[in-house]
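Sequential numbering from 225 applies to the sequence shown in the numbering used here. Note that CB positions come from ideal geometry on N, CA and C, so glycine has one too. Quick notes on the structure that follows.
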Amino acid sequence: MQSGPPPLFNQGVSARARLAFFSFLAIALIVVDSRVKALETVRVGVGVVLYPLQQAMQVPGQLAERVGQYFTSVAALSRENEALKRQAVERASQLVQTEQLRVENEQLRRMLSARARLDSPAVLAQVMYESRDRFSRKLVLDKGSGDGLKPGQPVIDAVGVVGQVTRVFPVTAEVTLITDKEQTIPVQILRNGLRGVAYGGVEPGTLDLRFMASNADINQGDVAVTSGLDGVYPVGLPVATVARVERNVRDQFARIVLSPSAGVHSNAHVLVLTVDPSPVARPPEADKREAARKGARK
Numbered sequence: 225m226q227s228g229p230p231p232l233f234n235q236g237v238s239a240r241a242r243l244a245f246f247s248f249l250a251i252a253l254i255v256v257d258s259r260v261k262a263l264e265t266v267r268v269g270v271g272v273v274l275y276p277l278q279q280a281m282q283v284p285g286q287l288a289e290r291v292g293q294y295f296t297s298v299a300a301l302s303r304e305n306e307a308l309k310r311q312a313v314e315r316a317s318q319l320v321q322t323e324q325l326r327v328e329n330e331q332l333r334r335m336l337s338a339r340a341r342l343d344s345p346a347v348l349a350q351v352m353y354e355s356r357d358r359f360s361r362k363l364v365l366d367k368g369s370g371d372g373l374k375p376g377q378p379v380i381d382a383v384g385v386v387g388q389v390t391r392v393f394p395v396t397a398e399v400t401l402i403t404d405k406e407q408t409i410p411v412q413i414l415r416n417g418l419r420g421v422a423y424g425g426v427e428p429g430t431l432d433l434r435f436m437a438s439n440a441d442i443n444q445g446d447v448a449v450t451s452g453l454d455g456v457y458p459v460g461l462p463v464a465t466v467a468r469v470e471r472n473v474r475d476q477f478a479r480i481v482l483s484p485s486a487g488v489h490s491n492a493h494v495l496v497l498t499v500d501p502s503p504v505a506r507p508p509e510a511d512k513r514e515a516a517r518k519g520a521r522k
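Listed below in structure tokens is the structure:
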């Protein structure tokens, strides 16, 4: 029997012969290349021919690397952008806090300067919040009866009169602003000494100087200060500035609108003058004259 492959699969020279031939050829080429350097030109030519193919084969890898670097850069830039945004927000918040502290510090300095100019003792109080009643103008302070506050005591800031204490609790107090409709304050025009009474204005945030004759010597820009006739407010505290004067020949009184000098709606701290809010006692001569008039009428 034949042990070789069938005629259909006849391969010619055997595998062993081919292996031996190519092995000998490889050894011979190695020896010739190492001795004579005859294959250097062939190697260079093969390298030149294969260089474009090598570059083409590297393109997918380089493209994948660049895509990976792109997404890595985008992610890094996104994280850096978020970090910069957080830093910007934090710095903006710090700047706002710094500006707020600076303004508050300046206001406190003005308050201390105003208290030094006053002869009356004063308590520095912080404004907690403004009353939510839309029909009144009131502030709530963080000082109360335990700090010496009493109803009727005047409240001022570094510029002028803010209002008057109307209700007192153990640790808080309520202040009615001079712009409230129920509030009145005796004033005097600084330019000519003309006296009158300022009421909380009809227009929000203003005062009205009522019952002044239409020919009264009051002009726009005049400064109104406390007259001290009520015995509550010290004399000479700035109250308001004349904003508008309306005169009508058919009316007996002029309509005079005042703009408050103090920051009635913008103060974080105020001064409460801890004076006795009782009215000024009448002199004995006035009582004697009043008694004499009553006796004469009888």
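CB-CB length for residue i against residue j, believed under 8 Å
{"i": "H489", "j": "Q350", "result": "At roughly 15 Å, the Cβ-Cβ gap does not stay under 8 Å, so H489 and Q350 are not in contact."}
{"i": "V421", "j": "T408", "result": "6 Å"}
{"i": "A486", "j": "S438", "result": "Wrong, their Cβ atoms sit about 29 Å apart, outside the cutoff."}
{"i": "V463", "j": "V389", "result": "Not quite, the Cβ-Cβ distance comes to about 17 Å (not below 8 Å), so this is no contact."}
Minimum C-alpha distance to residue i - residue among the options
{"i": "V469", "options": "Q407, V481, F477", "result": "V481"}
{"i": "A467", "options": "V447, R474, V473, P394", "result": "V447"}
{"i": "T465", "options": "S483, A478, Y275", "result": "S483"}
{"i": "A397", "options": "S369, R419, A382, R434", "result": "S369"}
{"i": "D371", "options": "R361, A316, G460, L497", "result": "L497"}
{"i": "Q444", "options": "L461, Y457, A300, I413", "result": "I413"}
{"i": "R419", "options": "E427, R434, L495, V426", "result": "R434"}
{"i": "S360", "options": "V499, E406, V395, A300", "result": "E406"}
{"i": "V392", "options": "G384, P410, V386, K367", "result": "K367"}
{"i": "V499", "options": "I380, D257, L249", "result": "I380"}
{"i": "V459", "options": "S247, L363, V385, S302", "result": "V385"}
In DSSP terms, what residue i is bridged to
{"i": "A448", "result": "I413, A464"}
{"i": "I195", "result": "The shown model of the chain, from 225 to 522, leaves out residue 195, and the question about it has no answer."}
{"i": "D404", "result": "In the DSSP output, where bridge partners are listed per residue, D404 has none listed."}
{"i": "G420", "result": "V411"}
{"i": "Q311", "result": "None; Q311 has no bridge partner."}
{"i": "A397", "result": "L365, V392"}
{"i": "V351", "result": "L365"}
{"i": "S483", "result": "T465"}
{"i": "R434", "result": "V421"}
{"i": "A346", "result": "L497"}
{"i": "F359", "result": "BP columns for F359 are empty, so no partner."}
{"i": "E470", "result": "R479"}
C-alpha distance - residue i paired with residue j, whole-angstrom precision
{"i": "S238", "j": "A252", "result": "21 Å"}
{"i": "L348", "j": "V449", "result": "22 Å"}
{"i": "R415", "j": "G455", "result": "22 Å"}
{"i": "E314", "j": "G285", "result": "43 Å"}
{"i": "V273", "j": "L287", "result": "23 Å"}
{"i": "P378", "j": "E306", "result": "52 Å"}
{"i": "R240", "j": "E289", "result": "46 Å"}
{"i": "R358", "j": "A299", "result": "53 Å"}
{"i": "Y294", "j": "E264", "result": "42 Å"}
{"i": "V504", "j": "Y423", "result": "Reliability of the predicted coordinates at V504 is poor, the pLDDT of 45 falling under 50, and the value obtained from them is presented with this limitation in mind. Looking at the two C-alpha atoms, the distance is approximately 21 Å."}
{"i": "P276", "j": "V266", "result": "17 Å"}
{"i": "A244", "j": "I254", "result": "15 Å"}
{"i": "T403", "j": "A440", "result": "23 Å"}
{"i": "R310", "j": "T296", "result": "21 Å"}
{"i": "A346", "j": "Y353", "result": "21 Å"}
{"i": "V473", "j": "M436", "result": "13 Å"}
{"i": "L363", "j": "R333", "result": "22 Å"}
{"i": "G429", "j": "A316", "result": "32 Å"}
is_contact[residue i, chain B] using C-beta, thresh 7 Å
{"i": "V389", "result": "As a matter of chain content, chain B is missing from the structure shown, which is built from one protein chain."}
Subject >> Ranges of the alpha helix (DSSP H) found wholly within the segment 232-277, counting only runs of at least 4 >> reply: Entirely contained in the segment 232-277, the alpha helix (DSSP H) runs reaching 4 residues are, in chain order, 239-260.
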